Structures are given as C-alpha cells and as structure tokens.
Amino acid sequence: MTSFSTQDPEYKADIEDYADLILEYLHQLGVEYVFGVPGGAIEPLYNALARSERRGGPKAIIARHECGAAFMAEGYYRETGKLGVVCSTTGPGATNLITGVASASVDKSPMLVLTAQTALPKFGKRPLQDSSETAIDTVGIFRNCTKFNALISHPEQLESKLISALMESVQSPKGPVHLSIPSDILRGPYGHKDPNVQVNYLMQRASLVDKNAVDRLVQEICEADNIVLFIGHDCRRAYKQIEKLAEAISAPFVSGPMGKSWVNERHPLYRGVYGYAGHESAHDLFKDPNIELVLAIGTSITEMGIGSLGKELLNNKLIHVDSTVESFSRSPMAKLHVCGHLNTVFNRVLNKVCEYGWNRTWQGLKLDKQKNVLGGYTKLIEPEKCFSDAVPIKPQRLMAYLSEALSPSTRVFIDTGNIWAWATHYLSHTAKEGLYRVSMGFGSMAWAIGAVIGSALASRDEPHVCLSGDGAWLMSSHEIGVAVQHQLPILFVVLNDAAFGMIRFGQQLSKAESIGWQLNEVDFAALAKAQGANGYIIERPEQLMDLDLEAIFSAQVPTLLDIRIDPDEMPPMMARVNSLKEESNSAIGYT
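Sequential numbering of the sequence shown, starting at 785, is according to the working numbering.
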C-alpha cells in the first residue's frame, strides 16, 4: 500500500448502523468504490452505500457477476495502491467470489472481502442460501485463499475484527482478508457517533530491513564485476532504484513474465523475459560463464521463471532479495537472502554502491547492442511476422502495431490464454511504472476484463486497453456493460480464432488427443453493440492502421475490436519449448 487518505474536512460522518461503520473506515482509507452484486442478505450494506454516496463517501459499483467484481477490486488496487473492496450476498453470491479472491491471494493483492450471512437466529435452520457452518460453510471455503478469515458472531466483534482484517491485508505478504457478517448485525445500531479508531495510521507499513544482510549484499556487489538482475512481479516500490543500480554497475537485467511491469523494455541493458514465452537473449545471458552474481528481486523462485536456471547459478551465485520471508522457502540454495521492503533495501544499496563507485567502475558482461524491430534489444522469434500483411492477421503484427501505437501512459491488461505468450514475447511497453498488468499466478480467465474496469474507474483520463482471447471473452463479456454504464472509454481487443488456443496448441505439443478446443464463430463486435459499446471487426492489417485511437480513448463508451487472427499461428511459447528439447525432457512452465 502506497498511501492512505485522511478524511475530507468537509465530509460529515453519519453512522447509523454497523454497515455505516464499515464504510466510514473505508472512507478513512480513501477507498472510493465497493464492487459487488446486490442480494437480500447484503441489503443493509447497500443501504449504507446509498447513504455513503450521497455524502461523498465510498460508492457501489455493480458488476454482472461476483467473480468479475473481485477482478475489478484487484484492478482498482493495481491502479491506485489503495485497498480493493468487494462484497456479495450469502450462499452462491459468496461462492461466486472464490476465483477472484484466490487470484488476488496468489498475486499478493490486498483486498477486503465482505460476504453476508443469514441472520444469526436462522443459523442451522436451512433458510434460503444458508452458508453458516452447518450448511455450505463459506468461512471454511475462504480459509485457504485469505490471510484473515472470520465470522462475526456478535455485534461487538465487528469493529475489532474489521480493524484486524484491514491491518493484515497490507502486511507482507499482502493479500485478501474476509469477513462473513450476518445481515442482522449489518443493520444493527452502532451506538456511537464516530469510529473508535483512526485506522489509516495503523496501516502504515514500518520500514523494516535486515541491515546485516544489506551490508553483505553491498559487499558482494562491490567484489563482483559481472552481475545480472532478475526483476520479479513484486518490485512495485523499488523499480526506480533497481534501474539506477543496474546502470551504476553495468548489469544487464531480465524479468519474469509479470516482472515486465517494472522495466522499460527498450532499455539498452534489458535482455527480455526469462521463462514462460521468453526471449532467447534472456536465456542466452544466463549461459555466460563469466556471470559472478545473479540478484533475484521481488520474485518467488518458480518453474515459470528463474527456477529453471542451472544448479551452478542457483547454488553458488544467486542472491534472493524479497520483502516476504515465505519467498525464501523456494530458494534455500541461494548464497544470501535479503529480506526487507524493497525500496528501503535498494535505497541503502544504491547509496553505498554509488559511494563506493568513486573508486571503481563495473565493466559488466559484453552485450549485443543491435536493436530489434520493436526498438528493444531482445531477440525475437520470427520478427519478420511483425510486418506481415497476411490475412488473417498475424498475432505478431497486432502486437507490433500496439507496441508502436499505444502511448507510454496506457494501462495494458493481459488476460489468460495464448494472449499471455503473444504479449509476453512481442508487446513492447516502455513504461516501467507497473502499467503493463497481467495475472499469471492463478491464471484466471477473464481476469483482465474485470481488472481493467476497476482501474479505469480510478483513472478515467488515462488510456486503458484489455487484451483477451475469445475463450476468456465468452466467459465474461457481460462485464462490458459496467464500462458502458459508467462511460469508460476502454479499448477491448479480442483475439478471435474460434478456439481455446492454449488448449489446442498444448495438445499438439504433448501429442494428446485433439479435443475440446473448438469454439463456434462469434461476432463479438455485434455483442458489444448490443450492450451499448462500439464494436468493429478487424480482418486486415490496414484496418488496424486506420484506427483513430485518440477518438477511441476520448469516447463516452468502451470500444471492442474483434480481431480475426490466424488460427494456425503457433504462440512463441511453443517454439521456445521445441528449441529447449535438447536441454530438458520436460516443458517447464510452457503448457
């Protein structure tokens, strides 16, 4: 969490019941929206939301499905750094949230999850949508995907448990917290004029760091000349310092697929993505026998990323730097673990290294300085297809177009499926402020469709793009109605090949039966128009070049592009697997 807002001096609290109290605490934190779907048991909270909106506090955003609401809450967090908040009614409303909450848990995104319960006197009596411990126990269901998970069984518990949940959500590792609140408690009178606690002060994260480990890290850096940095997904607080360190010590750097968020992909020292759908230049970098140190920063050591490095590097040359002790369980072989808030760690490292640098310079590894067709220094597979005029459109051509046409300030959301591979390999984004956004931990299809809406609500004046496959779009296309309702000029780009493409090519790769991947042909532009959005079918590359993106991003409604892509074009992850067959008997992280 980056910052917390105090109350507007003109804002007047009006706490009638416990539902009002919850919203008052959210107002203290500067939270603007509560995402969800109404229902009978959650009605008291929506009554309070109506009152809150009238006095300038948090307001309700109504999703079309609870899972989409959870994705929106996470997108809101990614844009603002503020707590994402989602609510649902009891029973199926709560269970519909699970996938979105689990996705936030794996990606370490703080989220307050509020689910209603049937009234306390009805527990165990089988009322409609009963989800108490004697029925479909939603508290039990949420146990393994939340950091704090509690049933409010008495009104006097609510305030203290709410504060505990809020504080826990932002402590490392960050993540979702859940409160299950019976409807009679939500509507019960609070009995006080103001909250008992100013919770925004309790949620500041202390600047903790292992000073001895940092000193050892500085010593290791100062005694080495050939250093490589690996940028993980959790570098939000330190991306500026990390880039300055790389420049100071002439260290080439690579990223994981999610770490792309925190790098300028056209920086001369950037050598691309290592791991899933990665670049040969990144893989070749780690083959250099002259490497003395590898700094893995803000990452878990997984098969999708740096975990596939050779034992020599992992055992003898790896230094793991992370804000969460739990991450180190994946790297027991590392020569050094450094734990602390990354901005604090790298401020200290950068200051000491720069001070030491008056006495020496780092030569660094020898690098190929030849630019690729996208303006970066990574080695691309089949770069000529980025200029192909073939019909149907090559996905490489689409990614190259977007790399050139989108402004650096564009928030780009990547959905699950083959679009992961196309965007990871070919979409070049120069911003390093976390504006390239992907959720590859839990791999939830349709994540980007909801998340881009939550982000756009928070920053209406910034361009937003969602890239999705047709399979994911069919799962959650109804959420475009939320963007229409709130006049959000989001650009939705659907790669339409009438297939679950990742399934299709995965089956080909593993020589499995070809089954279950075919989809019917759908006019997604017509579906968008039916909900009030603009929609266009794009079949030829020249139609891409004729698009007026400025008009699209200044419209009063979202726009959907139904891109008819070449269905037989193999994603780059598969080509990379084929090239690694001699090195490994398994397709690590590529299926």
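All C-beta atoms, glycine included, are put in the ideal place defined by N, C-alpha and C.
Fair warning: this is a prediction, and the values are worked out from it, not measured in the lab.
Item                                                                                                   : Value
Presumed contact (8 Å Cβ cut-off) between Val1047 and Phe1014, rounded CB distance                     : No, Val1047 and Phe1014 are not in contact; Cβ-Cβ is about 11 Å, not under 8 Å.
Glu1366 burial status per 10 Å Cβ neighbour count (16 or more: buried)                                 : In this prediction, Glu1366 has a pLDDT of 39, which is less than 50 and means its spatial position is unreliable; nothing more can be read from the coordinates.
Continuous alpha helix (DSSP H) stretch holding Arg835: start and end                                  : 827-838
Tyr1320 - DSSP class collapsed to helix/strand/coil                                                    : strand
Assigned exposure category for Glu800 - 16 Cβ within 10 Å defines buried                               : exposed
Contact belief for Ala847 with Ala853 at Cβ below 8 Å, rounded distance in angstroms                   : 4 Å
Integer Cβ distance of Leu1053 from Val1078, believed to fall under 8 Å                                : Not really, about 15 Å apart at Cβ, beyond 8 Å.
Residue ranges of each alpha helix (DSSP H) within the region 985-1023, 4 or longer                    : 995-1007
Among Asn880, Cys1019, Ala1235, His962, the one whose alpha carbon lies nearest that of Thr1108        : Cys1019
From Arg1288, Gly884, Pro1351, Ser872, residue whose alpha carbon lies closest to that of Thr902       : Ser872
Environment of Ser889 [buried if 16+ CB atoms lie within 10 Å]                                         : buried
Pairwise C-alpha distance: Ile1274 and Ala1339                                                         : 9 Å
beta-carbon Val961 near the ligand NAD non-hydrogen atom, thresh 6 Å                                   : Ligands are entirely absent from the displayed structure, and the ligand NAD is therefore not among its contents.
Same chain, Cβ closer than 6 Å to Phe855, neighbours up to 5 away in sequence not counted              : Gly884, Trp1231, Gly1234, Ala1235
Cβ-based neighbour list, Met785, same chain, cut-off 8 Å, excluding 5 preceding and 5 following        : With a pLDDT of 35 at Met785, under the threshold of 50, the predicted position of this residue should be treated as unreliable, and no value is reported.
Rounded straight-line distance, which links the Cα of Asp1352 to that of Ser1212                       : 23 Å
The region 1191-1208 contacting the region 1244-1251, beta-carbon criterion three pairs below 8 Å      : yes
Glu1326 burial status per 10 Å Cβ neighbour count (16 or more: buried)                                 : exposed
C-alpha distance - Pro1116 paired with Leu992, whole-angstrom precision                                : 22 Å
From Gly1124, Ala1035, Ile1321, Ser1084, residue whose alpha carbon lies closest to that of Phe1070    : Ala1035
Extent of the continuous alpha helix (DSSP H) run through Glu1065                                      : Note that residue 1065 is Ser in the sequence shown, not Glu. Element bounds for Ser1065: 1064-1069.
Range of the contiguous alpha helix (DSSP H) that encloses Cys1138                                     : 1126-1140
Cβ-based neighbour list, Tyr1210, same chain, cut-off 6 Å, excluding 5 preceding and 5 following       : Gln1180, Met1183
C-beta atoms of Tyr1185 and Leu1328 nearer than 7 Å                                                    : yes
Exposure of Asp1330, with buried meaning 16 or more beta-carbon neighbours within 10 Å                 : exposed
Cβ-based neighbour list, Glu1217, same chain, cut-off 6 Å, excluding 5 preceding and 5 following       : none
N- and C-terminal bounds of the beta strand (DSSP E) containing Ser1243                                : Careful: Ser1243 lies outside any beta strand (DSSP E) and carries neither H nor E.
Euclidean distance between Cα positions of Gly814 and Asp1009                                          : 46 Å
Whole-number beta carbon distance between Ile965 and Ile925, since they are thought to touch under 8 Å : With 8 Å as the limit, Ile925 and Ile965 do not qualify as a contact, their Cβ atoms being about 16 Å apart.
Tyr1060 vs Leu805 beta-carbon contact at 7 Å                                                           : no
Meets three-Cβ-pair contact criterion under 8 Å: the region 1262-1271 and the region 1288-1303         : no
Contact check, Ile1349 vs Asp1281, beta carbons under 7 Å                                              : yes
Pro973 - partner residues in DSSP beta bridges                                                         : Asp801
Residue burial classification, Pro1356 (beta-carbon count within 10 angstroms, cutoff 16)              : buried
Val890, DSSP secondary structure in three states                                                       : helix
Limits of the unbroken beta strand (DSSP E) element including Gln1180                                  : From DSSP, Gln1180 is part of no beta strand (DSSP E) but of the alpha helix (DSSP H) over 1179-1189.
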